[in-house]
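Protein chains in written order, with my numbering: chain A, 96 to 478; chain B, 7 to 318.
Just so you know, even glycine gets a beta-carbon here, dropped at the ideal spot from N, CA and C.
Since we're looking at a predicted model, the values are computed, not measured.
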Amino acid sequence: MPIFDQGYQHWSGHLSGRAWRWLAVTRQGIRGGLKNRFLRYVLFAAWVPALALVLMLCMWGLLERRSSLASTFMQYYMALLQPGVVADPQHYRADIWRLSYGYFLEIELRFSMVLILLVGPNLISQDLRFNALPLYFSRPLRRIDYFLGKLGVILAFLGMVVIVPSIVAYVLGLLFSLDITIIRDTFGILLASVAYGLILTFSAGMLILALSALSRSSRYVALCWVGIWLVSGIVATVLQAVDSQQRRYVYYNKMTVARPNGRDFDNLSRAERDKQWRAYRQARERAAEEYRVAELGFSAHDWRPLVSYTENLSRLGQQLLGTDQTWKRLSLLDPDQDARDQLLATYMGPQYPWYWSAGVLTGLFGLSACVLNLSVKSLDRLK
Amino acid sequence: MAYESSGEPRTLFQLDGVTKTYGAVTALDDLSVTVPSGAIGLLGPNGSGKTTMIRTLLGLIPVDAGSGQVLGMDFLHRQLNIRREVGFAPENECLFPAVEGVQFVAYAGELVGMRSKDAMQRAHEVLDYVGLGEARYRKVESYSTGMKQRLKLASAIVHDPKLLILDEPTNGMDPDGREEVLQLCRDLARNKGMSLLFSSHLLPDVEAVCDYIIVLGNGKLLAQGNIQQLKQVHNQCFEVRVKAGSETFAQGLSALGCVIEARDDVLLVQIPKGESPRMLWRAAAEQNQQIRYLRSQRSTLEEVFLKALEQK
Numbered sequence: 096m097p098i099f100d101q102g103y104q105h106w107s108g109h110l111s112g113r114a115w116r117w118l119a120v121t122r123q124g125i126r127g128g129l130k131n132r133f134l135r136y137v138l139f140a141a142w143v144p145a146l147a148l149v150l151m152l153c154m155w156g157l158l159e160r161r162s163s164l165a166s167t168f169m170q171y172y173m174a175l176l177q178p179g180v181v182a183d184p185q186h187y188r189a190d191i192w193r194l195s196y197g198y199f200l201e202i203e204l205r206f207s208m209v210l211i212l213l214v215g216p217n218l219i220s221q222d223l224r225f226n227a228l229p230l231y232f233s234r235p236l237r238r239i240d241y242f243l244g245k246l247g248v249i250l251a252f253l254g255m256v257v258i259v260p261s262i263v264a265y266v267l268g269l270l271f272s273l274d275i276t277i278i279r280d281t282f283g284i285l286l287a288s289v290a291y292g293l294i295l296t297f298s299a300g301m302l303i304l305a306l307s308a309l310s311r312s313s314r315y316v317a318l319c320w321v322g323i324w325l326v327s328g329i330v331a332t333v334l335q336a337v338d339s340q341q342r343r344y345v346y347y348n349k350m351t352v353a354r355p356n357g358r359d360f361d362n363l364s365r366a367e368r369d370k371q372w373r374a375y376r377q378a379r380e381r382a383a384e385e386y387r388v389a390e391l392g393f394s395a396h397d398w399r400p401l402v403s404y405t406e407n408l409s410r411l412g413q414q415l416l417g418t419d420q421t422w423k424r425l426s427l428l429d430p431d432q433d434a435r436d437q438l439l440a441t442y443m444g445p446q447y448p449w450y451w452s453a454g455v456l457t458g459l460f461g462l463s464a465c466v467l468n469l470s471v472k473s474l475d476r477l478k
Numbered sequence: 007m008a009y010e011s012s013g014e015p016r017t018l019f020q021l022d023g024v025t026k027t028y029g030a031v032t033a034l035d036d037l038s039v040t041v042p043s044g045a046i047g048l049l050g051p052n053g054s055g056k057t058t059m060i061r062t063l064l065g066l067i068p069v070d071a072g073s074g075q076v077l078g079m080d081f082l083h084r085q086l087n088i089r090r091e092v093g094f095a096p097e098n099e100c101l102f103p104a105v106e107g108v109q110f111v112a113y114a115g116e117l118v119g120m121r122s123k124d125a126m127q128r129a130h131e132v133l134d135y136v137g138l139g140e141a142r143y144r145k146v147e148s149y150s151t152g153m154k155q156r157l158k159l160a161s162a163i164v165h166d167p168k169l170l171i172l173d174e175p176t177n178g179m180d181p182d183g184r185e186e187v188l189q190l191c192r193d194l195a196r197n198k199g200m201s202l203l204f205s206s207h208l209l210p211d212v213e214a215v216c217d218y219i220i221v222l223g224n225g226k227l228l229a230q231g232n233i234q235q236l237k238q239v240h241n242q243c244f245e246v247r248v249k250a251g252s253e254t255f256a257q258g259l260s261a262l263g264c265v266i267e268a269r270d271d272v273l274l275v276q277i278p279k280g281e282s283p284r285m286l287w288r289a290a291a292e293q294n295q296q297i298r299y300l301r302s303q304r305s306t307l308e309e310v311f312l313k314a315l316e317q318k
């Protein structure tokens, strides 16, 4: 018993409006999520790439200003980038920022998947397991508030590793550059990265909420998420590899000159043997070149990456940031056509139309919304 | 019961011709009822429509026909406003998972719109009130059934609602815990001015807390009214106990036209129309008997309930 029992007291405080009621659900979800030790570790680790982005943008700012500090890092730049880029950093500013953000978002996409794996499965399945829905819906809370609140939890955590670092890095990059024209050149990149963060949040958030609404067991939900994230990626990679091997086989079979060997080849004179070897090597090089060019062309209508959930997100990010155009611009610095093709083939992502990925993600979003609508019912249909 | 300045009791809720069906099952059948403020008991057998009525009042389900008001607000259009003014403790075991007791109650307050700080402060107060002060930092999953019921009560009153709806609040509780919850409900209804809608199968619980009842059966209103009035005094029926020889006394009364029913050592006597209780005294004097106990018979709540069910 308390020392002084004051009994029941009336309360006459102020109740907030309905518009922000979902925020209570979000706050509770964040509090619950942060109790998970592993989640805190992953959050911490996810800020390392953000730190690298900040460093990169700040160093580029110093390089633009020809700061004495920049000379320390110059040797690293020279090793990483072509001399033409380092010689005129202001001219290539937008390109470097774009690529930096591109790499950052690509890494954070992986961290986001891990964060969702740790936060998402419990969001609705736990409420179903503990029959908490009557407690929510008997209060002035609509289903949309409940969903928004749960989605807000995903937004908060992904915002912490994608959106907030993007903005902070931008501001710091701006401060280190001290050039007002940088806003004109790079503001679009900031908008693109924030837009990408929102697309990632809404797409992955709705998907994990739908999965979470399908089962009372968070473990099954987590397994499903791993399946969508990793297994779809593996399947897409295998499909691409098999197809690529087949095409490679076809191209190499096209070589008009057969590999010189056998008893007849041994009986030839040395000069004749060298001639056949040269013809063979040239044919191989021609085939390889044709193959590279054909691969670039083929990737423009290869549907296989669509199987991978993360690949679809990457494709949209790539489109929003315009990293492909950047690689094309940078490749022009190399006078050798072969080297240019090589660079593009290595660094450019899938080239199929971006709206294919947008379509896949929109479809998944719609499906998730339907699942949520059917699975999380009002009290009318609850037991 | 709360009264307006005019002296008329304030209306707590009112339903006009409300019908709700689930497929072929009619849960509420053209139900019309007006209920005054105060502690209201909601009685009815399983499937009588009690839970559907509660959900209708909270605006949680769409009705097929009819209209109504709760605390003066239309339940068809102002559901969220109603839920803001009402506290509800559902029947089933339901918990916000993985939280401590105090967080549970504070979260319930936040969902109604209380600021975090206010909700936490208030959560401590109401947990003390319901007797869970010592267990406030324990995870709610570890609470016993009785503690969970009290926790639900605390989370329902955290925002100081005008109407508290309790659906089977003493389910699964031991006698001591049950008495404590009933005591809390009585206190809220009688001393704190909170209206109560108390749905239960346990008639003694309803009688202990409420002063007005509604009896539902097959989605229809079977009876309603003040408990004391429903437990009417039967002017022609009396409970009589005599010192000795009650059988002889009963035979004598039967000969005078009374209908007798023996219940333990008490005789339930229905005297003929037009006669007064004086005939009992006369009969006792004639038989040389001493009447030790005599009072007009009153219906019990159970009788009221069963009688209402028989009428359906």
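Reduced DSSP category for residue i - H, G, I as helix; E, B as strand; rest coil
{"i": "B/D250", "result": "The residue asked about is misnamed: residue 250 of chain B is Ala in this sequence, not Asp. Looking at B/A250 - three-state DSSP - the assignment turns out to be coil, as it is neither helix nor strand."}
{"i": "B/Y9", "result": "Residue confidence is low: B/Y9 scores 49 on pLDDT, short of 50, so the model does not pin down where it sits. Its coordinate-derived value is still stated next. B/Y9 falls in the strand class under three-state DSSP."}
{"i": "B/F110", "result": "helix"}
{"i": "B/S205", "result": "strand"}
{"i": "B/M179", "result": "coil"}
{"i": "A/L311", "result": "It is Arg, not Leu, that sits at residue 311 of chain A in the sequence shown. Residue state, collapsed to three classes: coil."}
{"i": "A/G112", "result": "coil"}
{"i": "A/Y187", "result": "coil"}
{"i": "A/P445", "result": "coil"}
{"i": "B/K237", "result": "coil"}
{"i": "B/V105", "result": "coil"}
{"i": "A/S403", "result": "coil"}
{"i": "B/N232", "result": "strand"}
{"i": "B/K154", "result": "helix"}
{"i": "B/D22", "result": "strand"}
{"i": "B/F94", "result": "strand"}
{"i": "B/R6", "result": "No answer is possible for residue 6 of chain B: the residues shown for chain B start at 7 and end at 318."}
{"i": "A/A227", "result": "coil"}
{"i": "A/Q420", "result": "helix"}
{"i": "B/I277", "result": "coil"}
{"i": "A/G215", "result": "coil"}
{"i": "A/L194", "result": "helix"}
{"i": "A/G102", "result": "coil"}
{"i": "B/K145", "result": "strand"}
8 Å Cβ shell around residue i - same chain, five flanking residues per side excluded
{"i": "A/Y447", "result": "S394, A395, H396, D397, W398, P400, L401 and R410"}
{"i": "A/L416", "result": "R193, Y196, G197, L200, I284, A287, S288 and Y291"}
{"i": "A/N362", "result": "none"}
{"i": "A/L253", "result": "S207, L210, I211, G292, L295, T296, A299 and G300"}
{"i": "A/T332", "result": "S403"}
Cross-strand partners of residue i (DSSP beta bridge)
{"i": "B/G223", "result": "B/K226"}
{"i": "B/D217", "result": "According to DSSP, which records beta bridges pairwise, B/D217 is partnered with nothing at all."}
{"i": "A/R237", "result": "The partner list for A/R237 (beta bridge, DSSP) is empty, contrary to what the question assumes."}
{"i": "B/Y299", "result": "B/R247"}
{"i": "B/R269", "result": "B/V272"}
{"i": "B/Y330", "result": "The requested residue 330 of chain B does not occur in the structure, where chain B is confined to residues 7 to 318."}
{"i": "B/M79", "result": "B/V76"}
{"i": "B/P42", "result": "B/T17"}
Close beta carbons around residue i, own chain, < 6 Å, minus the five adjacent residues each side
{"i": "B/G55", "result": "A33, L34, L222 and G225"}
{"i": "A/L243", "result": "W117"}
{"i": "A/A165", "result": "L157 and L158"}
Close-in-space but distant-in-sequence residues of the same chain around residue i (CB under 7 Å, 5 per side omitted)
{"i": "B/V118", "result": "R90 and H165"}
Interface flag, residue i vs chain D, CB-CB below 8 Å
{"i": "A/G127", "result": "Among the protein chains in the structure shown, which are A and B, there is no chain D."}
Is the segment 90-102 of chain B touching the segment 216-233 of chain A, taking contact as three or more C-beta pairs under 8 Å?
-> Three or more Cβ pairs closer than 8 Å define a contact, and the segment 90-102 of chain B meets that threshold against the segment 216-233 of chain A.
Within 9 Å of chain B by C-beta, residues of the segment 202-234 of chain A in sequence order = Within the segment 202-234 of chain A, the residues whose Cβ lies closer than 9 Å to some Cβ of chain B are N217, Q221, D222, R224, F225, N226, A227, L228, P229, L230, Y231, F232, S233 and R234, listed in chain order.
Closer than 8 Å, Cβ to Cβ, to anything on chain B: give me those residues from the segment 100-124 of chain A, in chain order.
-> Look at the segment 100-124 of chain A: the residues with a C-beta under 8 Å from a C-beta of chain B are D100, Q101, G102, Y103, Q104, H105, W106, S107, G108, H109, L110, S111, G112, R113, R116, A119, V120, R122 and Q123.
The segment 183-206 of chain B: which residues have C-beta closer than 9 Å to a C-beta of chain A, in chain order?
-> Among the residues of the segment 183-206 of chain B, those with a Cβ less than 9 Å away from any Cβ of chain A are L190, D193, L194, N197, K198, G199 and M200, in the order of the chain.
Can you find at least 3 beta carbon pairs, one from the segment 35-48 of chain B and one from the segment 203-223 of chain B, that sit closer than 8 Å?
-> With a cut-off of 8 Å, the segment 203-223 of chain B and the segment 35-48 of chain B count as touching, because enough Cβ pairs lie within range.
Any residues in the segment 117-132 of chain B with a beta carbon nearer than 8 Å to a beta carbon of chain A? Which ones, in chain order?
-> Within the segment 117-132 of chain B, the qualifying residues are L117, V118, G119, M120, R121, S122, D124, R128, E131 and V132.
With 7 Å as the limit, tell me which residues of the segment 132-145 of chain B have their beta carbon closer than that to any beta carbon of chain A; keep them in chain order.
-> Residues of the segment 132-145 of chain B with a C-beta less than 7 Å from any C-beta of chain A: D134, Y135 and G139, listed in chain order.
Segment contact flag, the segment 211-220 of chain A with the segment 309-326 of chain A, C-beta cutoff 8 Å, min 3 pairs = Contact holds: three or more Cβ-Cβ distances are below 8 Å.
Sufficient close CB pairs (3 or more, under 8 Å) joining the segment 204-214 of chain B to the segment 175-185 of chain B | Note that the segment 204-214 of chain B touches the segment 175-185 of chain B; at least 3 beta-carbon pairs, one per stretch, sit closer than 8 Å.
Is there contact here, the segment 258-266 of chain A with the segment 180-189 of chain A, by at least three beta-carbon pairs under 8 Å?
-> With the rule of 3 Cβ pairs closer than 8 Å, the segment 258-266 of chain A does not count as touching the segment 180-189 of chain A.
For the segment 96-108 of chain B, enumerate the residues whose C-beta is nearer than 8 Å to any C-beta of chain A, in chain order.
-> Hits within the stretch, in order: P96, N98, E99, C100, L101, F102, P103, A104 and V105.
Cβ contact (3+ pairs, closer than 8 Å) linking the segment 430-445 of chain A and the segment 363-372 of chain A = No, they do not touch.
Selection of the segment 71-99 of chain B by Cβ proximity to chain A, strictly under 7 Å = Closer than 7 Å at the C-beta level to chain A, one finds these residues of the segment 71-99 of chain B: L86, R89, R90, F94, P96, N98 and E99.
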